[in-house]
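Before any comments, here is the structure.
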Amino acid sequence: MIPTVDHETWWTARRKFLDEEKEFTRARDRLNARRRELPMVEISKKYTLHGQDGPAGLDDLFAGRRQLIVYHFMAKFSPTEWCPICSFWVDNIGHLAHFRARDTELVVVCPEDLAEGLAYRDSMGWTVPWYSCADSDFYEDLHQVLDEGGEPEAPGISAFLRDENRILHAYSTFRRGSDILNGTYNYLDITPLGRQETDPEDPMGWLRPHDSYGDTPEQPGCGCHA
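This note's numbering puts the sequence shown at residues 61 to 286.
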């Protein structure tokens, strides 16, 4: 049985913990400010991606806005299996109107065939703009090698800024770096049981596309956010 206390004892502990939460928030604000001060690099290479309206350059993905966020969706695991980790993150993007109100566009770029990607997007009920980079180096170029093993990190998220006629690559993050962008995780983190990921070798092995829970047997996850 889980031990309990009276309300006054709970409230005292809660107020004390609030001090730690406030310090964490202030530390995160400082880190966010430092991120915005990181140097940027101009993207001079020309990429041809493919979207619903046909071929598109990187500048087209901005849709006339000043900032661009790209979610790098992983390639399929098999002819029929899309990445459950990426699907989980796209589920948590939220309504695009809020990004656009801040002069920011958010898109998904995937190395798979456009028609297949759009069919999967629509089957999941997503409305985020979707592009294929199957015929370009964009996917490989933006998945920089960040680990000592020399393997590209994936999936990931990148941010770009348009400065007149230039496109600047400002930031990319991978694996646990994108945790803070996942609303479901942040909600679970405030519950008594937390994320309930007990397997250190495959903490996200429980994830499925949102329409598959209870319908498929347990399968090993991809381990891409370990």
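Note that beta-carbon positions come from the ideal geometry of N, C-alpha and C, so glycine has one too. None of these values were measured; they are calculated from a predicted model.
Where residue i and residue j are concerned, what is the direct C-alpha to C-alpha distance, given to the nearest angstrom?
i      : j      : result
Phe77  : Pro139 : 48 Å
Glu80  : Asn246 : 17 Å
Glu176 : Phe122 : 23 Å
Val167 : Thr72  : 45 Å
Arg96  : Ser218 : 13 Å
Asp271 : Val150 : 14 Å
Ser232 : Gly216 : 7 Å
Asp66  : Leu128 : 50 Å
Glu200 : Gln256 : 33 Å
Leu174 : Cys193 : 8 Å
Ile62  : Asp197 : 54 Å
Asp239 : Phe133 : 15 Å
Asn242 : Thr64  : 31 Å
Trp70  : Tyr131 : 41 Å
Let's see if you can read the secondary structure: which residues bound the beta strand (DSSP E) around residue i?
i      : result
Ala116 : Gly114 to Ala116
Ala219 : Gly216 to Asp223
Glu165 : Thr164 to Cys170
Trp190 : Trp190 to Ser192
In three-state DSSP terms, what is residue i?
i      : result
Gly243 : helix
Gly154 : coil
Arg268 : coil
Leu109 : strand
Arg226 : strand
Tyr131 : strand
Val205 : The predicted model places Val205 with a pLDDT of 49, which falls under 50 and marks its position as unreliable, so this point remains unresolved.
Ser232 : strand
Glu68  : helix
Glu102 : strand
Glu141 : strand
Lys136 : coil
Tyr273 : coil
Ala161 : coil
Leu253 : coil
Ser147 : helix
Ala87  : helix
Ala123 : coil
Glu97  : coil
Asp79  : helix
Ser238 : helix
Starting from the C-beta of residue i, find all residues in its chain whose C-beta is less than 7 Å away, skip the five residues before and the five after it, and write them out in chain order.
i      : result
Gly114 : none
Lys106 : Gly117
Ala135 : Pro171 and Glu172
Ile289 : Nothing about residue 289 can be reported from this structure: the residues present for the chain run from 61 to 286 only.
By Cβ distance below 6 Å, which residues in the same chain neighbour residue i in space, the five residues on each side in sequence not counted?
i      : result
Tyr180 : Trp142
Ile103 : Ile227 and His229
Asn92  : none
Trp190 : Val168, Gly177, Leu178 and Arg181
Is there at least one non-hydrogen atom of the ligand NAD closer than 6 Å to the beta-carbon of residue i?
i      : result
Leu156 : This structure lacks the ligand NAD; in fact it carries no ligand of any kind.
Just to confirm the assignment, what range does the alpha helix (DSSP H) spanning residue i have?
i      : result
Tyr180 : Leu174 to Ser183
Enumerate in chain order the residues of its own chain whose CB-to-CB distance from residue i is below 8 Å, with the five nearest sequence positions on each side excluded.
i      : result
Asp195 : Thr108 and His110
Phe84  : none
Met100 : Leu221, Leu228, His229 and Ala230
Arg125 : Arg160, Asp163, Thr164, Glu165 and Arg222
Is it the case that the segment 222-233 contacts the segment 161-168, given that we only count it when at least three CB pairs across the two stretches are under 8 Å? no
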